[in-house]
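Here is the structure we will look at.
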Amino acid sequence: MEKVVVRQLVRDTKRYADQDVELSGWIRTNRDQKSFGFIALNDGTHFNTIQIVYEKESLQNFEQVARFRVGCALRISGKVVETPQGKQPFEIKAAEVVMEGDSLEDYPIQPKRHTREFLREVAHLRPRTNLFAAVFRVRSMLAWAIHKFFQEKGFVYVHTPIITASDAEGAGEMFRVTTFDPQSPPVVETGEVNFSEDFFGRRTNLTVSGQLEAEAFALAFRDVYTFGPTFRAENSNTARHAAEFWMIEPEIAFADLQDDMKLAEDMVKYVIAYILENAQEEMEFFNVFVDKGLRDRLKNVVESEFMHLSYTKAVEILIESGQQFDYPVTWGNDLQTEHERYLTEKVYAKPVFVTDYPQGIKAFYMRQNDDGKTVAAMDLLVPGVGELIGGSQREERADVLEQRMEELGMDKKELCWYLDLRKYGGVKHAGFGLGFERLVMYVTGVSNIRDVVPFPRTVKSCEF
RNA sequence: UCCUCGAUAGCUCAAUGGUAGAGCAUCCGGCUGUUAACCGGAGGGUUGUAGGUUCGAGUCCUACUCGGGGAGCCA
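Counting from 1, position 125 in the first sequence corresponds to residue 735 in this note's numbering; the numbering is continuous, with no gaps.
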């Protein structure tokens, strides 16, 4: 008898109709009546459950099967029967139902609506629910779509280091990496910790960005990208921040900010189109139960041009809007969340690139514009999520970059390798960082980052 | 870190300062095609923690812990 999975049966129902098959999975619901019953079985290979029909007269262990609880693992053999008049296109008429693994009476996942807060407390069980099964399958497919996009374009995938000695990446608080005993680290005569005795012989941290190393590879391979974990020790308590998250950072040489934005727009459209095409059951679920109108909104993103406007223009629009904001809009200050939301959700109702921010509010490596006041930076704002992408053209002029680092009091010695990139065949280049979880949120409509990470790490929370 | 709301049965929620309840889940029974099935019955509680006010606290007060929403920081 052929062993099959539900995905095969759904995709090739005709081939399996009236055939005897063996399958296995977990019970989502079990409803018994006097002489027959129905099990909704999910085998993990497809979003939908498959209905197993079992009857007293054809099953030796009918009484036992009728008692099998939610979560129970089963192996079933039976016949595939098409049911065009039923709610499901086909079902399995069981000849044999064998328990592989029992599920105890206190199984927390019930066939009812649970709050996401509760399910976070049972993160090891929540992928068995419809919502999280859909989220994490889409997460997997999005990761694949991103690789597919870049690989098809000939980008080289570079693994930048997770541990770094640089504290000049400029993207926030870092987690220290050490093998010292925190109770009694080696100290020098003045009582300060002697990091030269630590594992790497110096202070080290978990990376907050792979960008600087990606730039080195871009100046060898031309087009590269990173896709890996990133760590920020910020005390951020929001639905959009995690201490451990994944980031995609493409870096392209012989390219300016326009090329960078084109790449970002093409990538976002490509991966959304891929999900709409290849995760139809999941997207249908999100569209009905998570975020009504999601699918039309995403289709619109794929089909329409993203909005472009400069920071200066954005400030004008916000001031002229007459809208009352909690924080005033003034040129030179960063846009507040309320300003960004107003632009992307109210004014344009689609993704918006904001470009050319004041130099004072952006990172040291961003390329100075000719006006001397702004830098060639861009943020991509999207409805519901806010900042999805942050990028820039990099300062390729060694003298300008060094001067900027001096202004900011940075240690040039520590980043001498980064300055080398400008000395030896340095060319204009650009890149961006895409928060992968924010992309998953945007595509699924799920509004809390804790619900798109399998086992989230956030402030005061590191379970599982 | 700041503002704000909350914590009662396994889950979702009720309960005027006066004997802590319902639906779902679990267990038992009924039902010949169910779709989060339906119908009947049973068991299930240190009301987040520690103090305080009161004859009496789930309810009022204080602190703490944890969680939601918003803000800052950012992806």
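Just so you know, even glycine gets a beta-carbon here, dropped at the ideal spot from N, CA and C.
Asked	Found
Sub-9 Å separation of E861 and D833 beta-carbons	yes
Pair within 9 Å by beta-carbon distance, A744 and E892	yes
At least three beta-carbon pairs within less than 8 Å, the segment 1032 to 1049 to the segment 813 to 832	yes
Beta strand (DSSP E) segment containing N815, residue limits	T814 to L816
Span separating the alpha-carbon of T788 from that of L1029	28 Å
E892: CB within 8 Å of a non-hydrogen atom of the ligand GDP	Among the ligands in the structure shown, none appear at all, so the ligand GDP cannot be discussed.
First and last residue of the uninterrupted beta strand (DSSP E) at I660	I660 to E665
Which residues DSSP lists as bridging R786, in chain order	N815
Length of the line joining the Cα atoms of A627 and T655	19 Å
Beta-carbon proximity list for I927, same chain, < 8 Å, skipping 5 on both sides	L919, L953 and V957
Counted within 10 angstroms of its Cβ, other Cβ atoms place M611 as buried (16 or more) or exposed	exposed
Rounded straight-line distance, which links the Cα of T814 to that of Q978	30 Å
Rounded C-alpha distance that separates S806 from I719	51 Å
Under 9 Å between C-beta atoms of Q821 and E854	no
Of the residues V1063, G1001, T817 and N1058, the one placed nearest V985, counting alpha carbons only	G1001
I773 beta carbon less than 9 Å from that of T817	yes
Bridge-paired residues (DSSP) for T940	T940 pairs with nothing; no bridge assigned.
Rounded separation between M751 and K879 - CA only	14 Å
Simplified DSSP state of T954, which is helix, strand or coil	helix
Cutoff 8 Å; reference Q757; Cβ partners in own chain excluding five residues on either side	Residue identity differs from the one stated: residue 757 is His in this sequence, not Gln. Closer than 8 Å at Cβ, skipping near neighbours: Y767 and F837.
Inter-residue spacing [alpha-carbon to alpha-carbon] between D791 and C1072	21 Å
Pair within 9 Å by beta-carbon distance, D630 and G688	yes
Status (buried if at least 16 other CB within 10 Å, exposed otherwise) for L714	exposed
Contacts around V939, its chain only, beta-carbon distance under 7 Å, and the 5 residues preceding and following it disregarded	V925, L928, I929 and H949
Same chain, Cβ closer than 7 Å to G996, five either side skipped, listed in chain order	R850, T947, E950 and R951
Closest residue to M917 among E955, L945 and L886 (Cα-Cα distance)	E955
Through-space distance from L886 to K1004, alpha-carbon basis	Note that residue 1004 is Arg in the sequence shown here, rather than Lys. Answer to the nearest angstrom: the Cα atoms are 34 Å apart.
Bridge partner(s) assigned by DSSP for G647	D642 and Y664
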